[in-house]
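Student:
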Amino acid sequence: MLFQIVSLLLGTVADILAVAFLARLWMQWARAPFRNPVGQTILTFTDWAVLPLRRIIPGLLGIDLASAFAAWLAQIAYFGVILGMTGLVTLAPEGVLAVAWIACIAVLRLFVYVLMGVVIVAALLSWINPYSPFGVVFDALSRPLLQPVRRLLPALGGIDLSPLVVLLLLQVALIVLANLQPARLLLP
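As structure tokens, then:
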């Protein structure tokens, strides 16, 4: 029981941190404005880790590698503690590599979930209130995902089906990532 509580609490903290770092990465890559409540919250929540890491890890092709690395470190800390508590992984090189691989898959899964959330919120805002201050942010965040699909699949009767196509493709990505995780260490 205690292990489940610790796992839940540590997992929640690690996932929230990783999602914040990945949201920052995506906002910078998509060139979404940070002068809004969402952007300011993400900057405030992640500056403590990303700014020092940027001195060591430069960006690459517009990708904020410091944010990606911070998300990965959050997941490594979580999986290292949890797998160490269960005894499934030791400090041997193969154990450290297993934790690093599992953390990498977890970060990619969380990134896919971030992208899914962006697409869903952008679609909902476009139906409910496209002129809200958040509409501009989520439109900018979803545009890189939706634009290629919109070029291939035009709106049918004024209905944009590109969010559905993108969500299906992201679901496929989640299936692929689930199959890359080691079978004996399947974790949520």
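Those letters in the sequence shown? Residues 623 to 810, by our numbering.
Ideal Cβ positions, reconstructed from N, Cα and C, are used throughout, including at glycine.
The model shown is predicted, which means the values in this text are computed figures rather than measured ones.
So is V628 buried or exposed if we call it buried at 16+ other beta carbons inside 10 Å?
Tutor: Burial call: exposed.
Student: Closest to V787 by C-alpha separation, out of I750, I742 and V759, would be which residue?
Tutor: If we check each option's Cα against that of V787, I742 comes out closest.
Student: For L639, which beta-bridge partners are listed by DSSP?
Tutor: Answer is none; L639 lacks a bridge partner.
Student: M623: buried (16+ other C-beta within 10 angstroms of its C-beta) or exposed?
Tutor: Exposed.
Student: Under the assumption that A645 contacts V736 (Cβ atoms under 8 Å), give the Cβ distance between them as a whole number of angstroms.
Tutor: 6 Å between Cβ atoms; contact.
Student: May I have the straight-line CA-CA distance separating R731 from L796, to the nearest angstrom?
Tutor: So the two alpha carbons sit approximately 6 Å from each other.
Student: Kindly indicate the opening and closing residues of the alpha helix (DSSP H) around D782.
Tutor: Neither: D782 is in no alpha helix (DSSP H) and is coded neither H nor E.
Student: Going along the chain, which residues of its own chain have a beta-carbon closer than 6 Å to the beta-carbon of L791, five neighbours each way excluded?
Tutor: Excluding sequence neighbours, L791 sits near nothing in its chain.
Student: Helix, strand or coil for I685, going by three-state DSSP, please let me know.
Tutor: The answer is strand: DSSP assigns I685 an E or B state.
Student: Does the structure place the segment 654-668 close enough to the segment 744-759 that three or more beta carbon pairs sit under 8 Å?
Tutor: Yes, the segment 744-759 is in contact with the segment 654-668.
Student: Could you give the first and the last residue of the continuous alpha helix (DSSP H) run that contains M738?
Tutor: Element bounds for M738: P715 to I750.
Student: Taking the Cβ atom as the reference point for each residue, do L639 and D686 lie within a distance shorter than 7 Å?
Tutor: Going by C-beta atoms, L639 is not nearer than 7 Å to D686.
Student: Sorted by chain position, which residues of the same chain lie with C-beta nearer than 6 Å to A693's C-beta, five sequence neighbours on each side aside?
Tutor: Cβ within range, chain order: A640, F643, L644 and V729.
Student: Could you check how far apart the C-beta atoms of F701 and A725 are, in whole angstroms? I think they sit under 8 Å.
Tutor: 5 Å between Cβ atoms; contact.
Student: Between the C-alpha atoms of D669 and G661, what's the straight-line distance to the nearest angstrom?
Tutor: If you take the alpha carbons of D669 and G661, they lie about 12 Å apart.
Student: Only counting the same chain, and skipping five residues up and downstream in sequence, which positions put a Cβ closer than 6 Å to that of V794?
Tutor: So the list is empty, once near-sequence residues are dropped.
Student: Using the beta-carbon count (16 or more within 10 Å), is P776 buried or exposed?
Tutor: Label assigned to P776: exposed.
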